[in-house]
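Numbered according to mature numbering (1 follows the signal peptide of the UniProt record, and there is no 0), the sequence shown spans residues -21 to -1, 1 to 830. All residues carry an ideal CB built from backbone N, CA and C; glycine is no exception. Treat the numbers as computed from the prediction; the structure is a model and nothing was measured.
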Amino acid sequence: MYILHLFTRILLVFTYHIMHSNRIIHSRDFIKRFKPKNFHICNKLKKKHHGGWQRALKSTPIHHTTVPVIISTNCRSLPNKILDFQSLLSSSTYHNTGIVTLQETWLHDSYDDNIVSLNNFNVFRQDRVCSKKKCGGGVATFIHSKWSISNKVCFKFSNDFIDCITVRCRPKHISKYKFIYISNVYVSPGCTILDLSMFADEFTAFAAACFENSLSIVTGDFNGSDCSFLISLGHDNIVNFATRLGKTLDLVFINDAGIYEARKRAPLLNSDHCIIRVLPKIYSKSHKGVLSHLYSKVQRRCYSKDNLDKLRCMLKDTNWDLFTEQTLDETITNTTDYLKFCFEICCPKETLFIRFDRLSSPYLKKLRRNKELLFKTNDKPGVKKLNMLIKLEMKRLSVLYNQRFLSCKTPSNLWKLFKEITNGKRCISVPSLNVDTLNKSFIRSSVDTLPNDTNHIDNNFSGFNTLDVLKCLRSLKPSQSLGPDGIPAIVLRNCADILCYPLTNIFNASFSGNVLPFAWKNIKIIPIPKPSSGSDIKFRPIAITSPFLKLMEKLLLLRLEPALKPFNDPKQFAYKHGRSTLDAAVVLYHNVVSCLDKGAKYVRSAFLDYTSAFDSVPRGLLLNKLSLTQTGSWAKSWLHSYFSDRMQYTVYNGKSSSTSLTKSGVPQGAVLSPFLFSFFLHDLPHSNETNFVKYADDLTVSLPITSESDSSKLNSFLLDINKWFKSNGLMLNPSKCQALDFTFKHRRDIHELVSSHDACSIDGTEIETKSSIKYLGLVLSSDLSWSSHILSISKKMFRLTFYIKKLRQSGINQPLVLQFLNSCILPIVLYCSPLIFPGLLKKIISYYEEY
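#1: Decide if the stretch 495 to 509 is in contact with the stretch 459 to 474; the criterion is three or more beta carbon pairs, one per stretch, under 8 Å apart.
#2: So, using beta-carbon positions, are I94 and T120 closer together than 8 Å?
#3: Please classify M177: does DSSP put it in a helix, a strand, or coil?
#4: Cα separation between F658 and T748?
#5: When the distance is taken between beta carbons, is R787 closer than 8 Å to residue 839?
#6: By the 10 Å Cβ neighbour count, where 16 or more other Cβ atoms means buried, how is F607 classified, buried or exposed?
#7: Can you look up D720 in the DSSP assignment and give me helix, strand or coil?
#8: Please state the DSSP three-state secondary structure of S584.
#9: When burial is assigned at 16 or more other CB atoms within 10 Å of the CB, is T445 buried or exposed?
#10: Using beta-carbon positions only, say whether I159 and S124 come within less than 8 Å of one another.
#11: Which whole-angstrom value is the C-beta distance of L368 and L346, which I expect to be below 8 Å?
#12: Which residue spans inside the stretch 621 to 660 form an unbroken beta strand (DSSP E) run of at least 3?
#13: What residue does the beta strand (DSSP E) around I485 start on, and which one ends it?
#14: Under the rule that 16 or more other beta-carbon atoms within 10 Å means buried, what is N101, buried or exposed?
#15: Strictly by DSSP, which residues pair up with I217?
#16: I'd like to know if the stretch 282 to 293 and the stretch 245 to 254 are in contact, where contact means that at least 3 CB-CB pairs between them fall below 8 Å.
#17: Just verifying my parser: in three-state terms, what is the DSSP assignment at S66?
#18: Kindly indicate which residue of L528, F490 and I504 has the alpha-carbon position closest to the one of A468.
#19: Could you give the DSSP three-state label for S127: helix, strand or coil?
#20: Given N473, which residues of its chain have a CB within under 6 Å of its CB, disregarding the five upstream and five downstream residues?
#21: In the DSSP assignment, what are the bridge partners of K289?
#22: How close, in whole Å, do the beta carbons of F127 and C148 come, if the pair is a contact with beta carbons under 8 Å?
#23: Near F671, what residues of its chain come up, given a Cβ to Cβ distance below 7 Å and the 5 sequence neighbours on each side ignored?
#24: On a Cα-Cα basis, can you pick out the residue from D91, N99, N667 and P58 that is closest to W85?
#25: Does the beta-carbon distance from S636 to L417 come in below 8 Å?
#26: Counting C-beta neighbours from all protein chains within 10 Å, is the total for V108 16 or more, i.e. buried, or is it exposed?
#27: Any contact of the stretch 771 to 788 with the stretch 534 to 549, i.e. 3+ C-beta pairs under 8 Å?
#28: Give the straight-line distance between the Cα atoms of L719 and D689, rounded to the nearest whole angstrom.
#29: Have a look at S691 and A585 and give me their C-alpha separation to the nearest angstrom.
#30: Would you kindly work out how many angstroms separate the C-alpha atoms of S489 and S70, rounded to a whole number?
#31: Curious, which full-length beta strand (DSSP E) runs of at least 3 residues does the stretch 535 to 609 contain?
#32: Quick one: is N694 buried, meaning 16 or more other Cβ sit within 10 Å of its Cβ, or exposed?
#33: By the DSSP assignment, the beta strand (DSSP E) with F100 in it spans what residues?
#34: For E540 and L655, I'd like the C-alpha separation in whole angstroms.
#35: Provide the residue(s) that pair with E329 in DSSP beta bridges, ordered along the chain.
#36: Taking the alpha carbon of H742 as the reference point, which residue from W703, K359 and K753 has its own alpha carbon closest?
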């Protein structure tokens, strides 16, 4: 109102003078008379309009912008420019970039996404697959994970001359547009009219179906080709300056061009195409400058030696007899709360500031500013000289940064250093995922019920002594992750000699009373993404239980293992001391070769796959099987309490779901789960004619085929296995099961014989038969050769050579590089080496030594 009142009075005066004279002359004091009393303009309004839309955009967080800031350039070999790009994006000028589109990446299938990844960016690639050249072509689009909550590749195109990829984005804040489509195009200079028209037809058909009510942005290096098909789609080019040697080769087309403005920036190191920075000319939802500080606050507990010693002194002076004068549940609740209270006092939270611009210094910022000024004046020798200085400064900063890690040569610090330098794998995050829905998907419905428990006291129970509890306490992993009760395992392990006495009394009371305290029954689920190449991400639920419950499970295993030794399955190679995947692979290979040596025409192996094996085990049936053994009744009754009333909740992206009751399954990540699962499968039907190999939930059934009836025998035996699974509450997934026909002969020699026999099937559903299968990290071929496995190793070796190059460029000395080779690369080469012919293994090592 004050502003409106002021302008109204000034407008009346101006109107009066315009009507009575041709010239207005007023002093400053005369104008100030029209300012009303208590007139004030708020600072937020001043900040908003001071400097225009560019200043407002610079101070806006990336996750609050509705349309992104875009960077586009022709990089000419992305692996050689990735370090410069990381340094560029960490600067204050480019820190609010939402999308980066690069052309001529020169990538192919041997390059992992981790090699070319950027911090907080998701990468989408379209490599040149049809070109006859050794290198060239390819496009890559990087989308900031904080700006877009959902990304999907909608269109891909690649031939000898053109590469294109289109990603559909859904920002966190969007109002006008339904989606935002980002298209990245590279057209080679030798592109023909026929190839361009073929691409234009496919892209036009895609755009007509998807671009309605959406914002479409097409960036790329078109090399002067005809782009009239984009103009016909309603797109306008906003680049009006030369991008390479006086020619406008890089273009940006937008179907709503009024909201963007293109700026010319200096090129990357050793690149001849300038950087195009596309800025939105609109205000975002928030104008608070959050990302002006290039660091984030992280809070964590301080587990220093002094803090842990303080905790030991506090627990040592505690009178634990005061906690034993109550019921078991009250004793456990008070003990847990007291330990948590002491832990929070002695190990307080500390705030850490993590910077993302490790390749930044005042001198480097000054060099980049000077480079931009010289680029605007077209001083090419000066830009070239500054490129060399920038490269040397970045190398110096990288060496200094790495030396801080190397000053404390602990394995954890070295591993963090290697992962950061080589852009190690990052966890996949889905911000739009509903935590409650995810928690419900981990719970399997079951009609199985727990048997009635008499809950009687077993007089034969002999309590555990203090030495048993102390041994289990010291065997805990020093994990700092908090369980459902808020106490990490590192606290129990550090104070093992003090806590072993009160915990022994509590554990013996729990086992003798056949009751697991309710405070230790909760399960925290951490979802781990499974390896997936598509956008459909599946998760594996990992259970985090109380460290006190882990101790009780370890103690129970001391009694269960001797009692269930007669039911130990010799064909199960997982969860056993001295056994590994090598033993399972050797036994499978030996069985196949032995059958072929005895005259079998071929050996058919079925690789079976369960559906959520651990989460589907019926608890009641498991307890019934245990009741048929010589296990003490106290253990069965305690396990009955262990499985009843188990509540779980899921934690993902800092959000917790509501608790839900679980009725089936053994939690993945618990101490007892592998042992109980192996025991549950011990009565799986078998025959003398078939060969079994089990490794956890991987089951392989092999049968030598000498006649047509043998293939029918295998199918009938698989039918019996399927019936056993259904009767025991488990389920096979025939769509994921695979079969492999091993033979020494060439495939075409036995093709007619195999086709005349019955196909491998389960309950009428045919299993896919392949020529090679990946089993426990090995690539098994039907001709029993290791060429496919060697090829997969050589591809891994090619990827890892880039990591070695990055380590050497970062100033890591030779002994540490050798340590990285021995710990990360050599195990891949030597994995299951006794199965591979020694001559081929030497070839692999010689190929590895060349790099």
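The relevant details are as follows:
#1: At 8 Å Cβ cutoff, the stretches touch.
#2: The residue given as residue 94 occupies position 115 in the sequence shown. The residue given as residue 120 occupies position 141 in the sequence shown. No, the pair does not count as a contact, with Cβ atoms beyond the cut-off.
#3: Within the sequence shown, numbered from 1, the residue matching residue 177 stands at position 198. M177 carries a helical assignment under DSSP once its states are collapsed to helix, strand and coil.
#4: Residue numbering aside, residue 658 sits at position 679 when the sequence shown is read from its first letter. Residue numbering aside, residue 748 sits at position 769 when the sequence shown is read from its first letter. Spanning the two alpha carbons is a distance of roughly 31 Å.
#5: Given a span of -21 to 830 for the chain in the structure shown, any question on residue 839 remains unanswerable.
#6: In the sequence shown, counting from the first residue as 1, residue 607 sits at position 628. Correcting the residue identity first, residue 607 is Leu in this sequence and not Phe. Its Cβ having fewer than 16 others within 10 Å, L607 is exposed.
#7: Along the sequence shown, one-based indexing puts residue 720 at 741. Correct three-state label for D720: strand.
#8: What you label residue 584 is simply residue 605 of the sequence shown in a count that begins at 1. The DSSP-derived three-state label of S584 is strand.
#9: Along the sequence shown, one-based indexing puts residue 445 at 466. Label assigned to T445: exposed.
#10: Along the sequence shown, read from residue 1 onward, the residue named residue 159 stands at position 180. Along the sequence shown, read from residue 1 onward, the residue named residue 124 stands at position 145. No, these two residues do not count as a Cβ contact at 8 Å.
#11: Taking the sequence shown and counting its residues from 1, one reaches residue 368 at position 389. Taking the sequence shown and counting its residues from 1, one reaches residue 346 at position 367. Confirmed, Cβ separation roughly 6 Å.
#12: List check, beta strand (DSSP E) in window: 625 to 631 and 639 to 641.
#13: Here residue 485 corresponds to residue number 506 of the sequence shown, with the count starting at 1. Where I485 is concerned, there is no enclosing beta strand (DSSP E), although the alpha helix (DSSP H) it sits in stretches over A475 to G492.
#14: Translated into positions along the sequence shown, residue 101 becomes position 122. N101 should be labelled buried.
#15: Looking up residue 217 in the sequence shown gives position 238. Partner residues in a beta bridge of I217, as assigned by DSSP, do not exist.
#16: With the cut-off at 8 Å, the stretch 282 to 293 and the stretch 245 to 254 do not touch.
#17: Here residue 66 refers to the residue found at position 87 of the sequence shown. Three-state DSSP puts S66 in a helix.
#18: For the purposes of this step, residue 468 is taken as residue 489 along the sequence shown, with counting starting at 1. That would be L528, whose Cα lies nearest to the Cα of A468.
#19: Locating residue 127 in the sequence shown gives position 148, where the first residue counts as 1. Assigned with DSSP and collapsed to three states, S127 falls in strand.
#20: The residue labelled residue 473 in the question sits at position 494 within the sequence shown. Taking N473 as the centre and dropping the five residues before and after it, the same chain places the C-beta of L287 closer than 6 Å to its C-beta, in chain order.
#21: Here residue 289 refers to the residue found at position 310 when the sequence shown is read from its first residue. For K289, which the question treats as bridged, DSSP gives no partner whatsoever.
#22: If you number the sequence shown from 1, residue 127 lands on position 148. If you number the sequence shown from 1, residue 148 lands on position 169. A small correction: the amino acid at residue 127 is Ser; Phe does not occupy that position in the sequence shown. The C-beta distance from S127 to C148 rounds to 4 Å, short enough to fall under 8 Å.
#23: Here residue 671 refers to the residue found at position 692 of the sequence shown. Here the set comprises K550, H665 and V680.
#24: Here residue 85 corresponds to residue number 106 of the sequence shown, with the count starting at 1. Distance check between W85 and each of D91, N99, N667 and P58 places P58 closest, using alpha-carbon atoms only.
#25: Translated into positions along the sequence shown, residue 636 becomes position 657. Translated into positions along the sequence shown, residue 417 becomes position 438. The beta carbons of S636 and L417 sit closer together than 8 Å.
#26: Along the sequence shown, one-based indexing puts residue 108 at 129. Its Cβ having fewer than 16 others within 10 Å, V108 is exposed.
#27: No: the two stretches stay apart, fewer than three of their Cβ pairs being nearer than 8 Å.
#28: For the purposes of this step, residue 719 is identified with residue 740 of the sequence shown, where counting begins at 1. For the purposes of this step, residue 689 is identified with residue 710 of the sequence shown, where counting begins at 1. Cα to Cα, L719 sits roughly 15 Å from D689.
#29: Here residue 691 refers to the residue found at position 712 when the sequence shown is read from its first residue. Here residue 585 refers to the residue found at position 606 when the sequence shown is read from its first residue. Computed Cα separation, rounded: 13 Å.
#30: Numbered from its first residue, the sequence shown carries residue 489 at position 510. Numbered from its first residue, the sequence shown carries residue 70 at position 91. If I take the Cα positions, the gap works out to 59 Å.
#31: List check, beta strand (DSSP E) in window: 581 to 588.
#32: One-based indexing of the sequence shown puts residue 694 at position 715. With 16 or more neighbouring CB atoms inside 10 Å of its own CB, N694 falls in the buried class.
#33: In the sequence shown, counting from the first residue as 1, residue 100 sits at position 121. For F100, the uninterrupted beta strand (DSSP E) segment begins and ends at F100 to Q105.
#34: Working through the sequence shown from its first residue, we reach residue 540 at position 561. Working through the sequence shown from its first residue, we reach residue 655 at position 676. Going by the C-alpha atoms only, they are around 10 Å apart.
#35: Along the sequence shown, read from residue 1 onward, the residue named residue 329 stands at position 350. E329 is bridged to R279.
#36: For the purposes of this step, residue 742 is taken as the residue at position 763 of the sequence shown. What sits at residue 742 in the sequence shown is Asp, not His. Nearest of W703, K359 and K753 to D742, Cα basis: W703.
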